[in-house]
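Colleague:
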Amino acid sequence: MDPNGKPLTRRSLLVAMAGALGSATLASCGESSSTPSPPEALSERLARDLNKARAVSRTSVERRPQRRNATPQPNAQQKITVATLPKADLGWGNAQFFGALVNAMATARERSDRRYIYEDAALGFPGGMSGPTTSSAFSFSSALDSVAAAAPDLVLYLQIDHADLVANERLINLDPYLVSDEAFASTRFWPHLLELGQHRGVQYGIPVAASPSVLLFNRELAVEFNIKPPDPNALTFNDEVFLKLVGDLHMADPPTGGIGSLGMLSVFSPEPNSNGDYSASPAPLNFLLSATGDLRGPRDDFAPLLSDPAVEAARLLRAWVQDHQFAITDNRSLWPYFQQQRIGLYETYLAFAPLDRFTSSFGSIDVYPFPTLGAAGHPAYAHLLVGVLAEAKNPDLAYDAMRYLAEGLRANAVLPAERLTQDDVVRRVPALQPEGGALVYTQMLEAVYPSVSRRELGMITNGILGDIVFGTASPEQGMRDIVGRLRELPSS
């Protein structure tokens with residue numbers, strides 16, 4: 183109703199708004215307005231709506247990346263510093279990765295028309311820590327202070343360090359840049375991979391390479407032992423088939439000296455290291471992923487770790503060490519087994535590690551999937567993510583440089599984060615048979631990734647080894663204790 187008691191129609195509202203707008207326009211030009219003012223109540227309402235619209239507009243503008251400096255001209259060779267983990271401790275074939283990193287930086291420099299030159303700044307080890315890659319106490323965000331003098335713009339980090347970097351606000355939100363980046367498309371990545379660089383739906387990091395956990399099979403050793411290998415089919419290669427194959431290939435070292443054979447390369451530490459962490463290969467996390475497909479659950483309370491498949495995976499790991507004695511738990515050297523090709527199965531990742539280096543140890547290479555323990559999907563990892571540091575001198579320029587670095591890393595990876603065709607996978611992994619390349623392709627399409635932090639990973643591994651495998655807790659009680667400790671951690 184208007185002040186005269188008449189209904190407020192759409193036409194009368196538009197007339198009033200036009201009058202208000204005309205008055206404001208004339209006033210801004212220094213002219214007086216002869217147009218009657220709208221009713222007082224309507225004026226207040228329009229003023230509130232206008233202020234609200236201004237606030238929304240202002241917020242939207244503030245969220246856009248503010249382009250402070252233009253992209254450098256070709257051959258500008260703008261220095262970009264990239265913070266990375268210590269070179270001796272990045273894992274998954276250190277020498278191979280850092281060779282790929284050097285090549286990736288050179289590729290990025292050339293593809294940017296030499297706009298940028300890249301330098302790496304390796305983080306320092308905190309005092310008394312034996313190795314950040316395996317330490318649950320290592321904080322990537324705190325270790326960044328060790329390279330503060332180098333003023334890094336970008337960061338390469340492991341998947342398990344993502345939560346720490348985000349919680350401590352060391353990464354910028356990439357979404358405003360990605361929406362305007364015509365070269366970026368989320369559909370180009372392998373399924374569910376891009377999500378690993380997100381936190382609550384916001385993109386902070388971009389994966390550059392990935393790989394499923396695959397088992398390299400020494401067919402020549404199987405021929406020597408007169409073993410008919412099972413079908414490398416993910417649907418049928420379950421825990422029973424897996425254990426039988428490892429057992430058939432395993433031969434204890436003779437008491438008179440020399441070596442037997444390892445059904446699978448497996449090392450479990452019976453005691454924690456100086457950081458209080460146990461280590462195990464193959465990783466218990468892979469068995470849990472294969473059993474549950476999701477470690478956290480829809481309520482983010484780690485309920486899947488209490489399920490029957492998870493408990494049975496823990497029971498398998500205890501039997502692996504205590505009953506079957508498949509794992510090395512002492513200090514014997516692994517080199518003789520490699521040198522004499524006495525290893526039946528070897529777990530590896532293909533992200534940056536070319537398989538050609540295994541041919542001298544394994545001869546003919548065949549690949550098996552990680553054993554299926556109940557859940558749909560195959561254990562896989564994002565091997566390095568790249569992000570822009572919050573303290574970057576020029577975030578706009580750093581994002582542009584990040585695009586080229588990610589492109590260079592993908593170009594030098596065996597399995598880049600962006601999706602390949604099956605034929606591409608076969609061509610990139612020539613050491614495998616075409617059937618093996620096809621299996622890797624399928625695994626990437628059905629991959630499941632561990633969405634756990636470094637501290638959570640440490641709690642899971644330490645609990646399984648310390649309490650269940652080498653301790654006295656039953657698998658049921660041990661998993662309940664692990665979940666209880668995980669739930670006590672502060673939520674991020």
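Residue numbers (my numbering): 183 to 674.
The beta carbon of each residue, even a glycine, is placed where N, CA and C say it ideally should be.
Computed from a predicted structure; not experimentally measured.
Short of 8 Å in beta carbon distance, which residues of its chain neighbour Leu-378, apart from the five on each side in sequence? Order them along the chain.
Modeller: Here residue 378 refers to the residue found at position 196 when the sequence shown is read from its first residue. Result list for Leu-378: Gln-341, His-344, Gly-387, Pro-389, Ala-564, Leu-567, Tyr-631, Ser-633, in chain order.
Colleague: Rounded to whole angstroms, what's the CA-CA distance from Leu-668 to Asn-644? Just pull it up for me.
Modeller: Taking the first residue of the sequence shown as 1, we reach residue 668 at position 486. Taking the first residue of the sequence shown as 1, we reach residue 644 at position 462. Cα to Cα, Leu-668 sits roughly 12 Å from Asn-644.
Colleague: For Leu-671 and Ser-635, I'd like the C-alpha separation in whole angstroms.
Modeller: In the sequence shown, counting from the first residue as 1, residue 671 sits at position 489. In the sequence shown, counting from the first residue as 1, residue 635 sits at position 453. The straight-line gap from Cα to Cα measures roughly 11 Å.
Colleague: Just to confirm, is the Cβ distance from Tyr-298 to Gln-260 under 8 Å?
Modeller: On the sequence shown, residue 298 is found 116 positions in, with the first residue counted as 1. On the sequence shown, residue 260 is found 78 positions in, with the first residue counted as 1. Closer than 8 Å, so yes.
Colleague: What is the C-beta distance between Tyr-581 and Val-570, in whole angstroms, given that I count them as a contact (C-beta under 8 Å)?
Modeller: As a position in the sequence shown, residue 581 is number 399, starting the count at 1. As a position in the sequence shown, residue 570 is number 388, starting the count at 1. That belief holds up - the Cβ atoms of Tyr-581 and Val-570 are roughly 5 Å apart, short of 8 Å.
Colleague: In chain order, what are the residue ranges of uninterrupted beta strand (DSSP E) at least 3 long that sit wholly in the segment 482 to 516?
Modeller: Whole beta strand (DSSP E) segments, 3+ residues: zero.
Colleague: Hey, could you find the ends of the beta strand (DSSP E) Phe-399 is sitting in?
Modeller: Here residue 399 is taken as the residue at index 217 of the sequence shown, counted from 1. 396 to 400 is the span of the beta strand (DSSP E), which, as asked, contains Phe-399.
Colleague: Report the option in Phe-520, Leu-579, Glu-600 whose CA atom is closest to the CA atom of Ile-354.
Modeller: Translated into positions along the sequence shown, residue 354 becomes position 172. Measuring from the Cα of Ile-354, the nearest candidate turns out to be Leu-579.
Colleague: Rounded to the nearest angstrom, what separates Tyr-531 and Ala-392 at their Cα positions?
Modeller: Residue numbering aside, residue 531 sits at position 349 when the sequence shown is read from its first letter. Residue numbering aside, residue 392 sits at position 210 when the sequence shown is read from its first letter. Computed Cα separation, rounded: 8 Å.
Colleague: In this structure, how does DSSP classify Asp-413 when only helix, strand and coil are distinguished?
Modeller: Within the sequence shown, the letter at position 231 stands for residue 413. Asp-413: coil per DSSP, three-state reduction.
Colleague: Are the beta-carbon atoms of Gly-306 and Ala-332 separated by less than 8 Å?
Modeller: Numbered from its first residue, the sequence shown carries residue 306 at position 124. Numbered from its first residue, the sequence shown carries residue 332 at position 150. Not in contact: Gly-306 and Ala-332 (Cβ atoms no closer than 8 Å).
Colleague: In chain order, which beta strand (DSSP E) runs of at least 3 residues are fully inside the segment 582 to 619?
Modeller: With a minimum length of 3 residues, no continuous beta strand (DSSP E) run stays inside the segment 582 to 619.
Colleague: Quick one: residues in its chain with C-beta nearer than 7 Å to the C-beta of Ala-588, no 5 flanking neighbours on either side, listed in chain order?
Modeller: For the purposes of this step, residue 588 is taken as residue 406 along the sequence shown, with counting starting at 1. Ile-388, Val-390, Val-568, listed in sequence order.
Colleague: Nearest CA to the CA of Phe-652: which residue from Gly-640, Gln-521, Asp-505, Thr-554?
Modeller: On the sequence shown, residue 652 is found 470 positions in, with the first residue counted as 1. Of Gly-640, Gln-521, Asp-505, Thr-554, the residue nearest in Cα terms is Asp-505.
Colleague: Residues in the same chain with beta-carbon distance under 8 Å from Gln-385, minus the five sequence neighbours each way, listed in chain order, please.
Modeller: Sequence index remark: in the sequence shown, residue 385 carries index 203 (1-based). So the qualifying residues of the chain are Asn-355, Leu-356, Asp-357, Leu-360, Leu-376, Gly-379.
Colleague: Gln-259 by DSSP, collapsed to three states: which one?
Modeller: For the purposes of this step, residue 259 is taken as the residue at position 77 of the sequence shown. In the structure shown, Gln-259 sits in coil (DSSP, three-state: anything other than H, G, I, E or B).
Colleague: Span of the beta strand (DSSP E) holding Met-446?
Modeller: Position 264 of the sequence shown, counted from the first residue, corresponds to residue 446. Run containing Met-446: 444 to 446, per the beta strand (DSSP E) assignment.
Colleague: When the Cα of Arg-291 is compared with those of Phe-322, Asp-430, Ala-258, which residue comes out closest?
Modeller: Numbered from its first residue, the sequence shown carries residue 291 at position 109. Nearest C-alpha to Arg-291: Ala-258.
Colleague: Starting from the C-beta of Pro-598, find all residues in its chain whose C-beta is less than 6 Å away, skip the five residues before and the five after it, and write them out in chain order.
Modeller: Within the sequence shown, numbered from 1, the residue matching residue 598 stands at position 416. Ala-391, Arg-592.
Colleague: Counting only the same chain and skipping the five closest in sequence on each side, list residues whose C-beta sits under 6 Å from that of Glu-628.
Modeller: Translated into positions along the sequence shown, residue 628 becomes position 446. These residues qualify, in order along the chain: Gly-559, His-560.
Colleague: Are the segment 517 to 527 and the segment 487 to 496 in contact at 8 Å, needing three or more beta carbon pairs?
Modeller: Not touching, per the Cβ criterion.
Colleague: With a 10 Å radius around its C-beta and 16 neighbouring C-beta atoms as the bar for buried, classify Glu-638 as buried or exposed.
Modeller: One-based indexing of the sequence shown puts residue 638 at position 456. The residue in question, Glu-638, is buried, as its Cβ has 16 or more Cβ neighbours within 10 Å.
Colleague: Would you mind sorting Pro-466 into buried or exposed? The rule is 16 or more other CB atoms within 10 Å of its CB.
Modeller: Walking along the sequence shown from the start, residue 466 turns up at place 284. When all chains shown are included, Pro-466 counts as buried.
Colleague: Within the continuous alpha helix (DSSP H) that includes Pro-466, where are the two ends?
Modeller: Indexing the sequence shown from 1 puts residue 466 at position 284. 466 to 474 is the span of the alpha helix (DSSP H), which, as asked, contains Pro-466.
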